[in-house]
Amino acid sequence: MRLPLVPLALPLLLCGMGAACGERGNGSPEPLQPEARALRTSMALRGMRPEVAAVQQIRADPERLEAWVDAWLDTREFGATLRDMHAEQLFLRTDVDEQVPPVGPLAGFTTREVHEGLVEAPLRLIERVVTEGRPYTEIVTADWLLVSHPYAIVHGLPFDPEGESWQETRWGDGRPRAGILSDSELWRRHRSAGSNFHRGRANVVSTVLLCEDFATRDVPVEGGIDLSDELAVAEAVRTQSTCIGCHQAMDPLAGFFWGFRHQLKARAIRTAYDMDCQWPTDDPEPLPGPHGSQDDFCYPLRFYQPELENDWIDWELRAPSYFGTPATDLADVGQLIASDHRFATCTTRRFWSWFAQQPVEDVDTALVDELTAELVGSGFDARALVRAIMLHPQFLAKDGALTTRPEQLARTMADLTEFRWDVQPDGPNCGTECWGSVDLTVSDRYGFRAMAGGIDGITVLTPTHSPTPVRQLALERLASEAAANVVYNDALRDPQERHLLELVSFATSDSEALVRDQIVALHLRISAQVIEPDSPQADQAYALWRKVFDASNDPRRSWTVLVTALLQDDRMEFH
């Protein structure tokens, strides 16, 4: 039987148990308490609550924070955090978009496995560069990539099915090798439709890597251009003075992407396989989607074609160059980006922006200069930049709590309660494109990622860093499910094997003192808060536990309701 949800107003009652209620964005900055520093840095780096030992040690000696930050930087969860950050900035995790179908040689994979196996590839490259201490510039200069089994099948790359789930390989189709700039899945996500001529792709590079968004330039546009005529548009951007201001820099950068397909729609692949990849001679181009031959719609896809690299000439567009600097191909562009001072400062802005939840353009220039010196001085070791951010007084100030992102919430709940919000959303007739299991916390197709403050990468492009009713509703449901899971399992285990409730016996004979000791331990583990058994916070929690127990005579129900409440504490939603 499903336990009733804890009322939405209960977290307000428990604000006394947390430390962030009413402390966001008011007054001059003041430093966080040591326990709160442990909570903020652990959540920022790993998306998990700090270990009990970390809270106790940092509380006793705040200087111990540095050692714990170093330890947390060396965890696999930090790698997951890096993927989360770059997925948000590159808009890659778009499960609401049309997916590459698991047909042909992909049969046997779920749609989710194909989706994740494709979109995570550039993120895995970035993660490896950072976690192995390689120069961050390698994300645009690497001559290798990491691929999953689905990625290798889709793009015709070598892969050992008996080996690791992500394997290093190299492109062999004639494309220039330039880290993520060479990645097919990045440019399949950022399509070039109509007469865009890869300008959107150029703007992704300029915006994300250089913090120079062409779309923000204030350029008046004259009328009289037939936008339905691609040649007329191409002529206008080359000759009209109001267009030249943007296009004299954008079009030469876009010129390096002509070897990539403009777009590739999943329905074209499905149509191809419906026809068994055979085309009638009287209809040589039956498939939807431009810029491809008959052979390009069945796996492996031919997403890059060197023979198309100079097609910009046919449209009389500007010759490729990097902001006026001559370059031959994307490999040259990667090297030029790596040596561009804007790349260093933009990297600093992006990292601070993501961790401090502040718009990129609002990051203080003096702070950028300070942290960029740290990045450059370390040989572009992004870990050094992140470490400097974590230990910076402005990051550890109480001036505004940070929002717990959906990905952080999922990892936190799994760590605290062993609960993952996994469901099987497919019905019995899902056919050949079953999605498979879904974590509702970090899915938009079936779950609540955008509701919980995240983005879907297509229509919701900006995360929400403020409390909203739908965020609280999502947290309420997740907390209820996670609490029921951990209490049920802990009640069946020996105390030394339990996850949260290691002190009580789940019997009606448990004394008030024992219950209060368990409440103290829960506050330390869940909220990173040190309280005493007779503190006001313990009094409030015990009163709630007792009220449920008196009504049910069931200690498991009492603990479920209390843990549900603590998992909705203000310190869970913010840190």
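In our numbering, the protein residues as written are 831 to 1405. Beta carbons are placed, not taken as given, at the ideal position from N, Cα and C, and that holds for glycine.
Could you check whether residue j and residue i sit closer than 9 Å to each other, using their CB atoms as the reference points?
i: F1087; j: S1151; result: no
i: L1239; j: L1305; result: yes
i: L1226; j: L862; result: yes
i: S1012; j: L975; result: yes
i: H772; j: P1130; result: There is simply no residue 772 to check, as the chain begins at 831 and stops at 1405 in what is shown.
i: T1262; j: H1405; result: no
i: A1321; j: R1386; result: yes
i: I956; j: R1018; result: no
i: D1400; j: P859; result: no
i: L1308; j: W1389; result: no
i: A1397; j: A1313; result: The amino acid occupying residue 1397 in the given sequence is Leu; Ala does not appear at that position. Yes, the pair counts as a contact, with Cβ atoms nearer than the cut-off.
i: P965; j: A1168; result: yes
i: F1173; j: L1083; result: no
i: D1256; j: D1269; result: no
i: P1295; j: V1316; result: Reading the sequence as shown, one finds His at residue 1295 and not Pro. No; because the gap between Cβ atoms is not below 9 Å, this pair is not in contact.
i: F1127; j: A1098; result: yes
How should residue i be labelled, buried or exposed, when 16 other C-beta atoms within 10 angstroms of its C-beta is the threshold for buried?
i: A1395; result: buried
i: S872; result: buried
i: E864; result: Residue identity check: residue 864 is Pro in the sequence provided, not Glu. P864 comes out buried.
i: S978; result: buried
i: A1149; result: exposed
i: Y981; result: buried
i: E950; result: buried
i: R1091; result: buried
i: P952; result: buried
i: V944; result: buried
At a cut-off of 8 Å, would you count residue i as near the ligand SAM, judging by its Cβ distance to the nearest heavy atom?
i: M1105; result: Of ligands this structure carries none, so the ligand SAM is not represented either.
Given residue i, which residues of its chain have a CB within under 7 Å of its CB, disregarding the five upstream and five downstream residues?
i: A1214; result: E1204, L1205 and S1208
i: H1216; result: Here residue 1216 is Val; the residue named in the question, His, does not match the sequence. So the list reads L903 and F1181, once near-sequence residues are dropped.
i: Q1165; result: T971
i: D973; result: R1000 and R1007
i: R1346; result: P1363, A1368 and Y1372
i: R889; result: P864, E865 and V1360
i: T940; result: P932, C1264, W1265 and G1266
i: L948; result: V930, P980, Y981, V984 and E1015
i: T1202; result: A1174, T1175 and T1178
i: L1138; result: W1088 and G1089
i: C1107; result: C1128
Cutting at 6 Å between CB atoms, please list the residues of its own chain near residue i, excluding the five before and the five after it.
i: D1245; result: M878
i: R954; result: L976 and W996
i: V959; result: E968 and I969
i: I1288; result: T924, V926 and D927
i: Q887; result: R894
i: A1282; result: P1236, R1301 and A1304
i: W898; result: A884
i: W1184; result: M915
i: D1211; result: G963
Got a sec? Which residues, its chain only, sit under 8 Å from residue i by beta carbon, not counting five neighbours each side?
i: E907; result: L875, R876, G877, M878 and R1241
i: I1406; result: Outside the displayed span of the chain (831 to 1405) sits residue 1406, for which this structure offers no information.
i: A1096; result: E928, Q929, V930 and P931
Evaluate contact between the region 927 to 943 and the region 1028 to 1040, counting only Cβ atoms and requiring at least three cross-stretch pairs below 8 Å.
-> no
Are at least three pairs of beta-carbons, each pair with one atom in the region 1383 to 1399 and one in the region 1340 to 1354, less than 8 Å apart?
-> yes
Whole alpha helix (DSSP H) runs in the region 973 to 1054 with 4 or more residues, listed along the chain?
-> As far as the region 973 to 1054 is concerned, its whole alpha helix (DSSP H) runs of at least 4 residues are 979 to 985, 1014 to 1019 and 1029 to 1040.
Are at least three pairs of beta-carbons, each pair with one atom in the region 991 to 1007 and one in the region 1154 to 1164, less than 8 Å apart?
-> yes
Determine contact between the region 1372 to 1385 and the region 1331 to 1345, defined as no fewer than three beta-carbon pairs at a distance below 8 Å.
-> yes
Which whole runs of the alpha helix (DSSP H) in the region 1197 to 1261 are 4 residues long or more, in chain order?
-> 1212 to 1220 and 1236 to 1247
Can you list, in chain order, the stretches of the alpha helix (DSSP H) that have 4 or more residues and sit fully within the region 1127 to 1162?
-> none
Which ranges does the alpha helix (DSSP H) cover as unbroken runs of at least 4 residues, wholly within the region 925 to 961, from first to last along the chain?
-> For secondary structure counted as the alpha helix (DSSP H) over 4 or more consecutive residues, the region 925 to 961 holds these complete runs in sequence order: 941 to 949 and 951 to 961.
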